[in-house]
Amino acid sequence: MDARLALIAQFFRFGVVGTVGFLVDAGTLWVVMALGAGPYGGRILSYLAAATTTYLLNRAWTFRSAARGAPMARQWGLFLALNLLGFAANYGTYATLISTTETVARWPVLGVAAGSLAGMFINFGLSRRFVFRQPVTDKA
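At position 80 of the sequence shown (counting the first as 1) the number is 80 in the UniProt record's numbering, and the numbers step up by one without a gap.
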């Protein structure tokens with residue numbers, strides 16, 4: 001497969017996984033807020049649930065050929081650490097919209113969606129380059 005098409009297919013899979021992550025993020029936020037968490041602390045819990053879900057799905061599907069040899073716990077830690085940049089964009093967008101937009105304050109899931117998009121490109125680049133690096137033998 002052409003390298004450009006392979007990259008597009010990989011980004012598509014990353015987007016599908018991100019959609020699942022969004023659903024986990026929004027669903028978890030809804031549950032923890034119903035249990036009494038605020039929109040900010042609840043979002044940290046929902047983000048961690050979504051990040052763990054997306055890590056596992058990206059390892060198994062999006063970057064499956066690159067994930068084989070890496071120890072899972074170490075790779076998950078690296079995924080979380082590097083994706084803090086994406087999280088900063090994600091959470092920053094969410095917090096800004098919650099505090100400045102009445103509609104988003106009423107419907108926090110809109111802020112989750114905007115935050116997810118803000119962090120997506122950063123997370124894809126970091127994940128592809130550092131967390132799920134292709135083995136040298138697979139590059140040609």
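Virtual Cβ for every residue (Gly too), placed ideally from N, Cα, C.
{"query": "Assigned exposure category for Asp-2 - 16 Cβ within 10 Å defines buried", "result": "exposed"}
{"query": "Cβ-based burial, Gly-18 [other Cβ within 10 Å; buried from 16]", "result": "buried"}
{"query": "Meets three-Cβ-pair contact criterion under 8 Å: the region 88–99 and the region 31–49", "result": "yes"}
{"query": "Every unbroken alpha helix (DSSP H) inside the UniProt domain \"GtrA/DPMS transmembrane\" (13–132) [4 residues or more]", "result": "41–57, 72–82, 84–100, 102–106 and 108–126"}
{"query": "Straight-line Cα distance separating Ser-46 from Thr-28", "result": "5 Å"}
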